[in-house]
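Chemist:
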DNA sequence: ATCGTGGGCGCG
DNA sequence: AAAGCGCGCCCACGAT
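Numbering (the numbering used here), first residue to last: 8 to 573.
1. Relative to the C-alpha of residue 26, which residue among 52, 40 and 47 is closest?
2. Skipping 5 residues on each side, what residues in its chain have a beta carbon closer than 6 Å to that of residue 461?
3. Would you check if the distance between the CB atom of residue 279 and the CB atom of residue 428 is smaller than 8 Å?
4. Note the first and the last residue of the continuous beta strand (DSSP E) segment covering residue 41.
5. Tell me whether residue 364 sits in a helix, a strand or coil according to DSSP, three-state version.
6. Could you name the residues of the same chain whose beta carbon sits closer than 8 Å to that of residue 109, not counting the 5 residues immediately before and after it, in chain order?
7. What would DSSP say about residue 517, mapped onto helix, strand or coil?
8. Would you please state the rounded distance, in angstroms, between the beta carbons of residue 566 and residue 334? I believe it to be under 8 Å.
9. If you drop the 5 nearest sequence neighbours on each side, which residues of the same chain put their C-beta closer than 8 Å to that of residue 411?
10. In terms of residue numbering, what span does the alpha helix (DSSP H) encompassing residue 25 cover?
11. Inspect the CB distances between the segment 497–508 and the segment 327–342 and report whether three or more fall short of 8 Å.
12. If you measure between the beta carbons of residue 480 and residue 416, is that distance less than 8 Å?
13. Look at the alpha carbon of residue 284 and the alpha carbon of residue 539, and state the distance between them as a whole number of angstroms.
14. Mapping the DSSP letters down to three states, classify residue 307 as helix, strand or coil.
15. Which first and last residues belong to the beta strand (DSSP E) in which residue 330 is found?
16. What's the gap between the Cα of residue 22 and the Cα of residue 403?
17. Which complete beta strand (DSSP E) runs does the segment 265–317 hold, if anything under 3 residues is left out?
18. How many angstroms separate the CA atom of residue 155 from the CA atom of residue 111?
19. If I follow the unbroken beta strand (DSSP E) through residue 429, where does it start and stop?
20. Determine the contact status of residue 477 and residue 413, defining contact as a CB-CB distance below 8 Å.
21. Based on the DSSP output, what are the partners of residue 563 in its beta bridges?
22. Do residue 24 and residue 171 count as a contact pair if the criterion is CB distance below 8 Å?
23. When DSSP labels each residue in this structure, what does residue 90 get in the three-state scheme?
24. Between residue 558 and the rest of its own chain, which residues show a CB-CB distance below 7 Å, the 5 nearest in sequence each way excluded?
25. Given 8 Å as the limit, is there contact between the segment 261–275 and the segment 292–302, that is, 3 or more CB pairs closer than that?
26. What are the start and end residues of each continuous alpha helix (DSSP H) run of 4 or more residues lying completely inside the segment 148–208, in chain order?
27. Mind checking who residue 66 pairs with in its DSSP beta bridge?
28. With distances taken between CB atoms, is the gap from residue 483 to residue 563 smaller than 8 Å?
29. Quick check: residue 262 and residue 274, are their CB atoms within less than 8 Å of each other?
30. Let me know the secondary structure DSSP gives residue 525 once reduced to three states.
31. DSSP state of residue 554, grouped into three classes?
32. Going straight from the alpha carbon of residue 438 to that of residue 195, what length do you get?
33. Beta-carbon within less than 8 Å of residue 96's beta-carbon, same chain only, minus the 5 sequence neighbours each way: which residues are those?
34. Report yes or no: do three or more beta-carbon pairs, one from the segment 525–541 and one from the segment 482–500, lie closer than 8 Å?
35. Classify residue 245 as buried or exposed, calling it buried when 16 or more other Cβ atoms lie within 10 Å of its own Cβ.
36. May I ask which residues mark the beginning and end of the alpha helix (DSSP H) holding residue 458?
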């Protein structure tokens with residue numbers, strides 16, 4: 008991702024002014040209108056492609072989820088954008104500047120389900136000229152907020168967020184190569200023979216019958232939590248819930264088959280044959296990504312459970328013939344971000360190499376890798392009890408700067424304050440209800456029960472803000488990583504071999520999947536090494552863009568393989 | 001029939 | 001071995 012100085016790049020706002028009608032407004036260095044081009048929807052893709060090839064401007068879009076999807080369907084890709092909806096969400100709440108962007112309902116994200124039909128709703132009572140004025144005013148307001156932030160952090164964040172908006176649409180169009188036969192084989196192997204009409208697969212029937220027999224109820228409906236709980240009590244298993252963890256603590260013949268049944272049941276309902284039929288078409292799984300869909304800046308997804316694919320199905324992710332996958336993830340991204348944010352050199356030393364937890368053990372803070380893991384997770388999540396909570400104070404001695412950062416974030420949250428990520432995405436204000444409860448608890452004659460509740464809610468919010476700064480900064484690293492990968496892949500020439508898929512990514516290496524700290528690329532075999540190098544370079548660049556010369560390792564686990572199986 | 005909620009569990 | 005953060009989705013179940 009290159010970030011030219013403001014004014015040094017061409018910027019063109021692409022504005023929908025009426026159904027089937029667009030206006031492209033070219034802006035000068037002061038974001039003043041320079042020229043205007045009227046476009047019919049039918050001509051849009053061709054015009055954008057020509058301008059992109061000639062000038063590679065930064066396209067100012069209402070949001071990629073609306074405009075870019077249709078361009079991609081017409082085979083047109085763009086390089087850079089400024090996504091007004093995505094950036095509005097960041098800029099209206101940022102604590103990085105004294106005067107954040109005024110919130111404006113017209114620039115809120117819309118539900119994906121209505122995004123496409125409502126593409127023109129915002130303008131239904133406005134003339135085309137009003138739509139243009141509204142868009143340009145919003146862009147100028149955003150530009151002013153971005154420029155007011157120190158160190159260009161919001162420039163980087165908004166550029167990366169906008170790139171994420173493009174990438175999410177591109178990954179949806181490209182899809183994740185998915186081998187339906189492999190998926191089907193895994194299901195049959197795990198669940199048993201597929202039922203012909205309704206009913207459950209054979210292994211589930213067998214195991215379910217065994218569970219019912221051991222519970223002494225031949226007609227028990229195992230999917231009913233309440234009935235199952237009562238049946239367990241009847242045979243003397245005194246659990247309070249039917250959760251996996253609590254069941255595992257009990258010793259009764261029914262536990263083992265019951266846990267096995269629950270595992271199978273989960274696979275069937277979440278990613279069984281019905282999921283396969285609904286979400287995989289022509290060898291591609293196409294999830295709906297929602298960039299910035301989580302308050303911390305992480306991506307969310309809608310439909311298909313894209314971010315919850317069970318590891319057991321990874322073998323079904325298979326490259327097309329003549330293509331390969333580049334699969335890369337970062338180990339322990341969040342604590343690495345924490346070490347760098349806090350300039351904690353001791354923690355950064357522990358983070359050298361591929362296993363941060365081993366480094367924590369080497370520092371002498373804890374005795375085993377497992378303890379290191381629970382201590383570090385506990386530090387970032389705010390654990391206070393259990394083994395994890397007991398280990399956290401040891402880290403405070405060895406990594407005082409890192410711990411001071413998360414402890415301060417927790418205190419700020421407990422006091423009702425706002426915290427921010429490294430680049431300036433800020434946490435939401437606590438709710439009015441939360442504020443009222445805290446106010447009620449500070450009175451001299453406050454009910455002790457109210458005080459206790461307020462304390463608990465304050466700590467809850469403190470754990471959220473504690474984690475926000477770390478999870479959100481990790482999301483920023485990943486976003487820049489993604490954008491840099493995309494930028495590098497665009498330099499790799501297309502292949503001339505016969506394409507195995509259709510669409511704008513049929514002949515080029517492309518991102519196919521993203522999951523918080525992991526990417527999967529789908530790449531013509533001849534470009535596998537170049538793509539892998541792009542992924543590594545991009546990671547190094549992401550780290551430098553965020554933390555300059557601070558020495559923090561962010562090592563990748565990267566492999567080139569036909570399948571995503573680990 | 002449809003909606004909201006809670007339990008449970010997959011992912012990071 | 002822990003239960004501390006962030007999600008989305010499925011199911012049952014009770015309310016509408």
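Built from N, CA and C at the ideal position, the CB exists for glycine as well. Bear in mind that the values here come from a model prediction, so they are computed numbers and not experimental data.
Modeler: In short, the structure shows the following:
1. Looking up residue 26 in the first chain gives position 19. Residue 47 is the option with its Cα nearest to residue 26.
2. What you label residue 461 is simply residue 454 of the first chain in a count that begins at 1. Only 444, 445 and 448 meet the Cβ criterion.
3. Mapped onto the first chain, residue 279 falls at position 272. Mapped onto the first chain, residue 428 falls at position 421. Not closer than 8 Å, so no.
4. On the first chain, residue 41 is found 34 positions in, with the first residue counted as 1. It spans 40–47 - the beta strand (DSSP E) in which residue 41 sits, taken as one unbroken run.
5. Against the first chain, residue 364 aligns to sequence position 357. DSSP places residue 364 in helix when its eight states are reduced to three.
6. Taking the first residue of the first chain as 1, we reach residue 109 at position 102. Same-chain partners within the cutoff: 99 and 148.
7. Taking the first residue of the first chain as position 1, residue 517 is located at position 510. Correct three-state label for residue 517: strand.
8. Here the question's residue 566 lines up with position 559 in the first chain. Here the question's residue 334 lines up with position 327 in the first chain. At roughly 5 Å, the Cβ-Cβ gap stays under 8 Å, so residue 566 and residue 334 are in contact.
9. In the first chain, residue 411 corresponds to position 404, counting from 1. Cβ within range, chain order: 349.
10. Within the first chain, residue 25 is the residue found at index 18, counting from 1. Not the alpha helix (DSSP H): residue 25 falls in the beta strand (DSSP E), residues 18–25.
11. yes
12. Counting from one through the first chain, the residue named residue 480 turns up at place 473. Counting from one through the first chain, the residue named residue 416 turns up at place 409. Not closer than 8 Å, so no.
13. The residue labelled residue 284 in the question sits at position 277 within the first chain. The residue labelled residue 539 in the question sits at position 532 within the first chain. Approximately 32 Å between the Cα atoms of the pair.
14. As a position in the first chain, residue 307 is number 300, starting the count at 1. Residue state, collapsed to three classes: strand.
15. Sequence index remark: in the first chain, residue 330 carries index 323 (1-based). That run of the beta strand (DSSP E) goes 330–337.
16. Within the first chain, residue 22 is the residue found at index 15, counting from 1. Within the first chain, residue 403 is the residue found at index 396, counting from 1. For residue 22 and residue 403, the distance between alpha carbons rounds to 53 Å.
17. 295–297 and 307–309
18. Working through the first chain from its first residue, we reach residue 155 at position 148. Working through the first chain from its first residue, we reach residue 111 at position 104. Looking at the two C-alpha atoms, the distance is approximately 19 Å.
19. Taking the first chain and counting its residues from 1, the one referred to as residue 429 is at position 422. Segment: none, residue 429 is in no beta strand (DSSP E) and carries neither H nor E.
20. Looking up residue 477 in the first chain gives position 470. Looking up residue 413 in the first chain gives position 406. Result yes, Cβ atoms of residue 477 and residue 413 sit closer than 8 Å.
21. Here the question's residue 563 lines up with position 556 in the first chain. 337.
22. Start at 1 with the first residue of the first chain, and residue 171 comes out as number 164. Start at 1 with the first residue of the first chain, and residue 24 comes out as number 17. Result no, Cβ atoms of residue 171 and residue 24 do not sit closer than 8 Å.
23. For the purposes of this step, residue 90 is taken as the residue at position 83 of the first chain. Correct three-state label for residue 90: strand.
24. Against the first chain, residue 558 aligns to sequence position 551. Only 355 meet the Cβ criterion.
25. no
26. 160–181 and 187–198
27. For the purposes of this step, residue 66 is identified with residue 59 of the first chain, where counting begins at 1. Beta-bridge pairing links residue 66 to 19 and 88.
28. In the first chain, the residue the question calls residue 483 occupies position 476. In the first chain, the residue the question calls residue 563 occupies position 556. No. Outside cutoff.
29. Sequence index remark: in the first chain, residue 262 carries index 255 (1-based). Sequence index remark: in the first chain, residue 274 carries index 267 (1-based). No, these two residues do not count as a Cβ contact at 8 Å.
30. Taking the first chain and counting its residues from 1, the one referred to as residue 525 is at position 518. It is a strand residue.
31. Stepping through the first chain from its first residue, residue 554 is reached at position 547. Note: residue 554 maps to helix in three-state DSSP.
32. Taking the first residue of the first chain as 1, we reach residue 438 at position 431. Taking the first residue of the first chain as 1, we reach residue 195 at position 188. When rounded, the distance between both Cα atoms is 48 Å.
33. The residue given as residue 96 occupies position 89 in the first chain. Around residue 96: 115, 116 and 299.
34. yes
35. Here residue 245 refers to the residue found at position 238 of the first chain. Exposed.
36. Position 451 of the first chain holds residue 458. Residues 455–496.
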